[in-house]
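First up is the structure itself, then whatever we jot down about it.
Number of protein chains: 2
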Amino acid sequence: MEVTRRNFKESLNAVYSALEEADFLAIDGEFSGISDGPNVSALTNGLDTPEERYSKLKKHSMDFLLFQFGICTFKYDQTKSKYITKPFNFYVFPKPFNRTSPDLKFICQSSSIDFLASQGFDFNKVFCQGIPYLNQEEEVQLREQSEERRHQHANGVGTPSFISPSSKGPAHVPEEHKDFINRVIGKVDALLTNSEKSLDLDPCTGFQRKLIYQTLNWKFPKGIHVETVETEKKERYIQVIKVDDEERKRREQQKREREQEELNDAVGFSRVIHAISKSGKLVVGHNMLLDVMHTIHQFYCPLPEDLQDFKEVTMCVFPRLLDTKLMASTLPFKELITNTSLAELEKQVKESPFKSPQVETAEGFHSYDTAQQQLHEAGYDAYITGLCFVSMANYLGSFLTPPKAYISPHSKLVEPFFNKLFLMRIIDIPYLNVTGPDLQPKRDHVLFVTFPKEWKTSDLYQLFSAFGNIQVSWLDDTSAFVSLSQTDQVQIAMNTSRYAESYRIQTYAEYVKGKHQNKEKLGQTPKSWGEDGWRKPHYASATSAATFGYPRGLRKRSISPVQGEQGSADAPVTDGWSNYSYPDSAGSKKMKTDDKSGQANAEAIESKTSEGWLKTADASDSTGSSPVPDDDEAEEKESPEGNDAEGTVTWQQAPAVHGRKGQKKKKSKGATSTTSLFEVPDVW
Amino acid sequence: MEVTRRNFKESLNAVYSALEEADFLAIDGEFSGISDGPNVSALTNGLDTPEERYSKLKKHSMDFLLFQFGICTFKYDQTKSKYITKPFNFYVFPKPFNRTSPDLKFICQSSSIDFLASQGFDFNKVFCQGIPYLNQEEEVQLREQSEERRHQHANGVGTPSFISPSSKGPAHVPEEHKDFINRVIGKVDALLTNSEKSLDLDPCTGFQRKLIYQTLNWKFPKGIHVETVETEKKERYIQVIKVDDEERKRREQQKREREQEELNDAVGFSRVIHAISKSGKLVVGHNMLLDVMHTIHQFYCPLPEDLQDFKEVTMCVFPRLLDTKLMASTLPFKELITNTSLAELEKQVKESPFKSPQVETAEGFHSYDTAQQQLHEAGYDAYITGLCFVSMANYLGSFLTPPKAYISPHSKLVEPFFNKLFLMRIIDIPYLNVTGPDLQPKRDHVLFVTFPKEWKTSDLYQLFSAFGNIQVSWLDDTSAFVSLSQTDQVQIAMNTSRYAESYRIQTYAEYVKGKHQNKEKLGQTPKSWGEDGWRKPHYASATSAATFGYPRGLRKRSISPVQGEQGSADAPVTDGWSNYSYPDSAGSKKMKTDDKSGQANAEAIESKTSEGWLKTADASDSTGSSPVPDDDEAEEKESPEGNDAEGTVTWQQAPAVHGRKGQKKKKSKGATSTTSLFEVPDVW
């Protein structure tokens with residue numbers, strides 16, 4: 002269902018009931034751009050920490066507009082043994098509500114706009130018919146203003162849009178307006194004695210209207226209702242209506258209700274997000290970190306500085322999330338799925354060993370045909386994201402004895418994937434853990450190298466040629482991380498570099514330490530230190546959410562990640578993740594029984610999950626197997642032209658082919674070291 | 002004529018010939034926003050200096066996109082005694098040329114977008130079919146890159162798109178690609194012996210293509226032409242074509258030409274601006290400062306820091322400009338025209354004493370009907386801007402004896418209006434003088450007042466209530482300029498404020514001095530000082546333009562403002578403007594004869610111009626008569642909602658009605674001083 006400003010109000014109930022009945026829902030957003038930083042490679046270094054990545058995205062991506070929001074609800078129909086889907090495609094635009102409401106500015110990125118244009122995106126629908134929205138602070142402000150205005154009117158101050166009887170005292174009318182006001186009084190006097198029901202005064206200035214209100218309020222405390230009306234040409238004039246006391250009250254009540262409705266209209270699309278949030282339902286997305294960040298930023302509150310605070314807000318807004326890209330990049334799926342871009346994933350989960358999910362579009366909803374791809378329409382993307390989730394979830398049922406064809410989104414089998422958001426292009430941290438501490442891979446095989454800005458990737462390959470395979474992650478023009486294949490090479494590299502003049506090598510640990518010291522020296526982030534020598538988080542833990550510094554509404558929400566779960570195991574699934582291995586004791590125990598079937602066969606699962614389904618590769622050999630940057634990712638959340646190639650350069654994507662640095666350096670003196678570039682060991 | 006990416010190339014000749022034959026042309030731009038500053042009142046203080054205004058506009062307005070550009074050429078047809086017009090409406094969008102070309106970001110302002118949407122603006126045409134463009138630096142860079150690539154190919158380096166025979170030496174093929182490359186060699190061997198004409202290899206990576214190029218280049222120096230081709234799915238593969246030597250050269254030549262044409266396509270709409278610039282024709286606009294700034298910024302070069310430098314670039318790009326809003330705000334027109342907004346002006350210049358201009362749309366061009374207004378379509382706005390100019394210019398002919406109905410745009414009568422761009426909402430400086438020093442009004446009746454941030458406009462009125470009429474121009478929350486009606490009151494105000502604690506008063510001179518000192522202290526603008534104690538301009542004068550630091554092309558242009566003038570009086574009209582009175586000696590002498598008629602009657606003119614047509618009111622009484630902010634201006638270059646009301650508050654627009662400050666303060670404690678607000682003298 003396509004929803005714009007025109008049919009938003011009448012569609013709202015359909016949205017609410019779809020959310021109400023859904024087993025889960027999938028979402029997707031389309032943005033006016035991805036990164037306003039210099040380029041994506043600077044934005045996404047392969048060795049970013051989650052904190053760094055979050056700050057970069059916050060800094061460089063939040064000024065774009067989320068202008069199309071797709072929701073597809075999935076409700077399982079037991080009798081039909083299929084999901085009934087309700088896809089919605091919302092166009093969103095921050096149309097200013099009135100003269101005093103915020104006039105939002107947003108950035109557009111040419112490549113993103115051009116890409117969407119090539120996909121047939123309808124910009125006129127966004128800009129001419131987009132549904133407005135307010136974040137919580139703006140909503141509160143507007144409601145307060147409205148209250149205040151009513152209060153002022155009641156006291157005869159300000160420029161009221163209707164008169165309350167309690168206004169008192171004559172207005173001071175400046176000399177030059179006295180004639181004008183006297184003529185108005187004459188007209189109203191006439192109205193009260195003639196047979197007309199109402200009187201339209203000529204359009205006049207706001208100041209004159211103010212004078213009229215004050216004067217009439219004092220002169221005619223009873224018998225008339227005064228209101229400002231706008232002509233088609235947006236000229237404002239005053240209408241005086243003859244009324245008895247009851248009629249007057251009724252009209253004032255009407256006016257108040259109208260104002261209230263206008264306010265609700267201004268809150269607009271945010272109401273949909275509030276409803277999702279309130280439903281507590283599982284929200285599925287594909288590579289959804291940016292979607293989540295934008296949604297919170299645009300419809301709730303400015304993003305917090307600190308990653309931990311962001312996680313807490315996220316859990317308030319979306320108590321349960323699942324990222325299909327992370328799911329597809331994790332065991333057992335990573336062995337089956339070669340390309341985790343949404344379009345490719347959708348194709349793969351239709352083929353064996355997966356089963357094409359049985360779905361049916363609810364009556365009255367647009368039925369998407371996956372054969373005729375409508376990729377990058379948010380509603381369609383949300384729809385196929387949901388399909389991918391259903392296929393992958395059902396696949397997990399094949400490990401049960403007897404196998405089950407349908408696995409509920411509430412199943413314990415799905416739980417390990419909750420609240421872990423895929424992190425693009427970080428070599429050794431596959432996801433952001435929203436409900437717990439993030440993975441902290443050892444990076445003791447990583448060197449931080451600084452060098453003259455003439456250097457290119459090939460110079461680094463040459464420098465480290467004695468060490469076999471290396472992996473280069475550019476930081477800026479004069480520095481990069483170099484990952485060695487063996488940790489014991491680090492000391493050798495450090496030793497040999499001791500007398501080097503043109504370059505400098507530090508261990509990753511030294512680099513991190515230096516960075517922290519620098520920050521403190523610069524006082525960039527004023528910190529408070531606890532007795533234990535660690536920085537005190539602003540909000541100590543998830544349980545402190547009740548005192549959270551975010552707008553009302555958010556505060557009241559429980560942040561338990563399993564809210565709404567039907568089983569009794571309400572403990573957050575935060576265990577075991579910081580060690581890179583799924584702890585067998587707790588982990589496989591959970592896997593053993595499907596809470597629906599109750600007769601699961603433990604052996605069958607254990608044989609396939611002895612290493613942990615979600616176990617990711619060790620940092621030192623992660624390159625090949627971790628979710629590596631692929632070109633298709635670019636289509637998902639990146640500049641589609643691929644001109645923002647990844648900063649982390651592995652051999653197959655060597656500098657001569659893609660890569661910011663490669664491109665640039667090639668230009669300056671690419672000819673000199675071509676051969677050294679090619680002398681790469683066969684085995685990587 | 003509507004011009005988009007689709008018909009741009011085929012329309013270009015029509016544009017060129019229209020410019021070639023035109024007597025003058027009118028332009029107009031539509032932007033994605035006006036101001037990204039906090040609000041327009043901060044952007045346009047009524048007592049800005051031209052330098053301040055320029056920096057503010059540069060800082061807060063240049064990140065928006067000029068996305069529709071209107072040009073209407075006017076050619077006078079002597080036999081028909083009417084102008085033949087050719088209106089063009091260009092949609093412009095910075096579609097990235099290729100993977101390495103700049104990925105421009107631009108800001109959209111919701112209110113501007115919403116306003117254009119309400120006017121039926123077609124955003125899809127902009128984003129899906131907008132003509133690309135490059136500024137001069139980008140063009141140079143792209144052409145250099147192209148050259149360099151060709152040079153590299155000639156030496157067998159880089160990833161060539163065709164092979165030059167001079168490439169030498171075998172490529173080093175990494176072990177894992179050897180099989181692949183050998184298979185390719187086999188296929189090419191087969192091609193050379195079979196009857197096929199060409200061979201399409203499978204799509205492969207850029208690195209593999211590089212290896213193929215290098216290998217084939219070395220193995221088969223003759224007999225084949227190798228080229229990279231893109232499939233519809235944007236996959237790249239290599240095509241090998243059997244050719245003899247001549248055919249190979251021909252193909253390479255073709256390829257080169259194709260590249261050249263692609264480059265021209267990338268320069269795109271900038272070619273139109275270059276043509277305007279090269280034509281040296283009179284360019285007319287309405288309230289055109291922002292149009293000029295955007296045009297230069299987008300299609301030539303980033304705007305210079307310094308206003309003087311901007312003036313010089315402007316004269317290079319547009320050697321002769323005329324602003325109809327400035328014209329309409331100047332004698333003799335200001336006495337006849339009550340509202341200088343474009344839409345209103347267009348209506349007024351159809352009525353007596355003006356004569357509706359005789360125009361005819363050239364064959365094959367869209368004929369605009371002014372009765373069915375299409376305001377805010379750039380082509381239409383350019384068209385009616387031209388009409389306004391024609392009417393006003395012809396009106397000047399009525400002062401001649403005998404009167405003339407047609408006045409050429411080359412006429413001396415029009416000259417005084419050249420190169421003076423209307424300055425919005427500056428009380429005492431009506432225009433930016435592009436070809437000379439700006440007006441320097443005495444501001445010795447102006448006070449700079451600082452106060453607690455709780456103060457509102459009414460507090461200032463109260464504070465100065467003893468002095469009669471004042472005018473308040475807000476600077477920020479805690480300071481404002483207060484203009485007194487009489488200069489001798491300044492000393493009294495200064496004396497009475499001596500012991501004040503809550504507020505502080507400085508004369509304007511003190512304020513300016515303090516500001517300069519602050520700047521130096523902060524080292525914000527490092528200055529070099531000449532022997533005479535004045536800051537040396539970076540570019541000494543207009544005549545130094547030959548050594549100007551701007552991209553080639555600009556450098557070569559003469560900057561004489563009367564270039565293209567048919568008469569011999571080539572001296573720039575820069576005389577006399579800095580003293581607020583049109584010097585009779587030079588001024589009226591110029592006025593006496595129309596260079597076309599040759600029989601002008603001097604007396605007739607002098608009787609009407611004894612005070613100088615362009616004389617503007619003295620600073621001290623300028624309030625009433627200078628181009629005051631009016632609501633219609635808002636429609637021209639301002640947020641159309643009017644939510645950015647002007648910072649300069651005169652009584653009729655008192656704080657209770659509009660005004661940032663008024664609005665805001667009213668809210669906080671508007672009730673307290675309402676009465677003092679109304680005690681305003683009758684005579685202003």
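Respectively, the protein sequence lines represent chains A and B. In this text, residue positions in the first sequence follow my numbering: the first is 2, and each later residue adds one. In this text, residue positions in the second sequence follow my numbering: the first is 2, and each later residue adds one. Each residue gets a CB set at the ideal place from its N, CA and C atoms; glycine is no exception. Note that the structure is predicted; figures quoted are calculated from it, not measured.
- Comparing alpha-carbon positions, the option among A:Lys413, A:Glu416, A:His275, A:Tyr504 lying closest to Lys454 (chain A) turns out to be A:Tyr504.
- In the DSSP secondary-structure assignment, Glu361 (chain A) is bridged to A:Ile85.
- Of A:Lys223, A:Glu138, A:Leu448, A:Gln209, the smallest CA-CA separation from Val174 (chain A) is found for A:Gln209.
- Annotation for Lys243 (chain B): the continuous beta strand (DSSP E) segment containing it runs 237-243.
- Distance check between Ser62 (chain A) and each of A:Phe70, A:Val483, A:Ser36, A:Glu361 places A:Ser36 closest, using alpha-carbon atoms only.
- Interface residue (Cβ-Cβ distance to chain A less than 9 angstroms): Gln110 (chain B) is classified as such.
- Closest by C-alpha distance to Ile186 (chain B), out of B:Lys405, B:Trp219, B:Ser196, is B:Trp219.
- Within the segment 370-424 of chain B, the complete alpha helix (DSSP H) segments of 4 residues or longer fall at 379-397, listed in chain order.
- For Ser12 (chain B), same chain residues with a beta-carbon under 6 angstroms away, outside a window of 5 residues either side, are Val4 in chain order.
- Residue state for Val285 (chain A) is assigned as strand, using DSSP reduced to three classes.
- With a threshold of 9 angstroms between beta carbons, Phe300 (chain A) makes no contact with chain B.
- In this structure the segment 45-62 of chain A touches the segment 296-314 of chain A; the number of beta carbon pairs closer than 8 angstroms is three or more.
- Around the beta carbon of Ile471 (chain B), 16 or more other beta carbons sit within 10 angstroms, so the residue counts as buried.
- If one requires a minimum length of 3 residues, the beta strand (DSSP E) runs lying completely within the segment 10-76 of chain B are 25-32, in chain order.
- Cα atoms of Pro358 (chain B) and Phe94 (chain B): separation of roughly 34 angstroms, rounded to the nearest angstrom.
- One alpha carbon belongs to Pro333 (chain A), the other to Arg144 (chain B), and they sit about 51 angstroms apart.
- Phe468 (chain A) has its alpha-carbon roughly 7 angstroms from the corresponding atom of Gln490 (chain A).
- In terms of Cα proximity to Lys250 (chain B), the closest of B:Pro222, B:Tyr384, B:Glu521, B:Lys234 is B:Pro222.
- Taken through DSSP and simplified to helix, strand or coil, Tyr509 (chain B) comes out as helix.
- At a Cβ-Cβ threshold of 9 angstroms, Val285 (chain B) and Ala27 (chain B) count as neighbours.
- Rounded to whole angstroms, the gap between the alpha carbons of Phe300 (chain B) and Ile108 (chain B) is 17 angstroms.
- Under the rule that a run must span 4 or more residues, the alpha helix (DSSP H) segments found entirely inside the segment 449-489 of chain A read 458-464.
- The DSSP assignment places 283-286 as complete runs of the beta strand (DSSP E) inside the segment 268-314 of chain A, in order along the chain (cut-off: 3 residues).
- Residue contact with chain B for Ile132 (chain A): absent (no Cβ-Cβ distance below 9 angstroms to any residue of chain B).
- The residues Ala329, Leu346, Gln349, in chain order, have a CB closer than 7 angstroms to that of Ile338 (chain B) in the same chain once the five nearest residues on each side in sequence are set aside.
- Put simply, the segment 359-371 of chain B does not touch the segment 261-279 of chain B. Fewer than three CB pairs are less than 8 angstroms apart.
- Remark: fewer than three beta-carbon pairs, one from each stretch, lie closer than 8 angstroms, so the segment 105-123 of chain B and the segment 392-410 of chain B are not flagged as touching.
- In this structure, Phe75 (chain A) lies near Pro410 (chain A), with their beta-carbon atoms less than 9 angstroms apart.
- Closest in C-alpha terms to Phe181 (chain A), from the list A:Leu202, A:Thr194, A:Ala191, comes A:Leu202.
- Exclusion of the five residues before and after His295 (chain A) leaves Gly30, Phe32, Ser62, Met63, Phe65, Leu67 as the residues of its chain whose Cβ lies within less than 8 angstroms of its Cβ.
- In the assembly as shown, Lys514 (chain B) is an exposed residue. Its beta-carbon has fewer than 16 other beta-carbons within 10 Å.
- In the three-state scheme derived from DSSP, where H, G and I count as helix and E and B as strand, Cys205 (chain B) is classed as coil.
- Less than 9 angstroms separates the beta-carbon of Tyr384 (chain A) from that of Thr86 (chain A).
- Here Ile427 (chain A) carries a coil assignment [DSSP, helix/strand/coil].
- Under the criterion of beta carbons closer than 8 angstroms, Gly47 (chain B) and Arg444 (chain B) do not qualify as touching, at roughly 11 angstroms.
- Residues of the segment 88-121 of chain A whose Cβ lies closer than 7 angstroms to any Cβ of chain B, in chain order: Pro95, Lys96, Pro97, Arg100, Thr101, Asp104, Leu105, Lys106, Phe107, Ile108, Cys109, Gln110, Ser111, Ser112, Ile114, Asp115, Ala118.
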